[in-house]
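One structure is given below, encoded as structure tokens.
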Amino acid sequence: MYAFIEGEVCEKTNGSLVLLAAGVGWQISCSMTTLQAAPAIGQTMRCYTFLSVREDAMELFGFATKEEKEMFTQLTSVSGIGPKTALGVLGSMPLRDLSLAILMGDVNALSRAPGIGKKTAQRIALELKDKITQADVSAVADSGSGSAAVLPVTDSVTEALEALTALGYSSTEARGAIAKVKDQSDRPEELIRLALRSMAGM
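Shown next, in the form of structure tokens:
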């Protein structure tokens, strides 16, 4: 119904912001990512919106980028994922990290989001994996969202990432380390060894 709302930022709270547009103060629920991207109070912001209509409530959700809005709609298409849970997932990591976690089936990374257990994380990865492409990840990178390294999606890279996260490294740390050494080998065990040496400063 509303593609976006552009107006003056009047309020910023934990979980929502208020935009003044056409004489109306629009209260918009947002992820922490969008709240952090929002300008200071008194400045103008364009917020891409999604109107959720239920029997007992209407709620407006907003996003700093079209890519975040698209990810929100994909997350809410997963069985058991409501709008509030989707916002929690979006705010748990940079959008590029989230796209890569889904693309690579990184259940450990997904399950770190609030309200997301292992089974739900597996469902997200299973139901959305075919909807996320390397092109989508590149589009997020081009939009400036997130800060994680973009890696080629190969069996060797995926296996190396899974091994590093199993050792306790975060997805961001693992991807950053693999990104530094990905051109040095195409064997997962060698990528793991090189990445560990890189993180150790050797």
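All you need for our numbering is the position in the sequence shown, starting with 1, plus 713.
Heads up, the beta-carbon is just placed ideally off N, CA and C, and yes, glycines get one too.
The structure displayed is predicted, hence computed values, not measured ones.
| Check | Outcome |
| --- | --- |
| Measuring CA to CA, which of Gly881, Lys844, Ile845 and Asp899 is closest to threonine 871? | Asp899 |
| Should the region 717-726 be regarded as contacting the region 739-754, the criterion being three or more beta carbon pairs within less than 8 Å? | yes |
| For alanine 814, which residues in the same chain have their Cβ closer than 8 Å to its Cβ, ignoring the five residues on either side in sequence? | Met806, Ala822, Leu823, Ala838 and Ser884 |
| Count the other CB atoms within 10 Å of the CB of glycine 804; is the residue buried (16 or more) or exposed (fewer)? | buried |
| How is glycine 720 classed by DSSP in three states: helix, strand or coil? | strand |
| If you pair each beta-carbon of the region 771-778 with each one of the region 823-837, do three or more pairs fall below 8 Å? | no |
| Could you give the DSSP three-state label for alanine 861: helix, strand or coil? | The predicted model places alanine 861 with a pLDDT of 45, which falls under 50 and marks its position as unreliable; any figure quoted below should be read in that light. In the structure shown, alanine 861 sits in coil (DSSP, three-state: anything other than H, G, I, E or B). |
| Compare the beta carbon distance of alanine 799 and valine 820 with 8 Å and say whether it is the shorter of the two. | no |
| Out of Lys797, Ser790 and Ile754, state which residue places its alpha-carbon closest to the alpha-carbon of glutamate 772. | Lys797 |
| Suppose you measure from the CA of alanine 946 to the CA of tyrosine 761; what does that come to, to the nearest Å? | The requested residue 946 is not part of the displayed model; the chain covers only 714 to 915. |
| By Cβ distance, which residues of its chain are closer than 6 Å to alanine 873, with the 5 residues on each side in sequence left out? | Ile891, Pro901, Leu904 and Ile905 |
| Please confirm whether methionine 784 and leucine 764 have their CB atoms less than 8 Å apart. | no |
| Please tell me whether isoleucine 718 and leucine 730 are closer than 8 Å, where the distance is taken between their beta carbons. | no |
| Report the CB separation of valine 802 from leucine 788 in whole angstroms; it is logged as a contact under 8 Å. | 6 Å |
| What first and last residue would you give for the alpha helix (DSSP H) that runs through valine 802? | 796-805 |
| Which residue marks the beginning of the beta strand (DSSP E) containing serine 883, and which one marks its end? | Unbroken run through serine 883: none, as it is neither H nor E. |
| Does DSSP put lysine 893 in a helix, a strand or coil? | helix |
| What does DSSP give as the partner residue(s) for tyrosine 761 in the beta ladder? | Phe717 and Phe776 |
| Rounded to the nearest angstrom, how far is the Cβ of methionine 912 from that of glutamate 886, given a contact under 8 Å? | 7 Å |
| As a quick exercise: from Glu768, Ser792, Leu909 and Val766, pick the residue whose alpha carbon is nearest that of alanine 879. | Leu909 |
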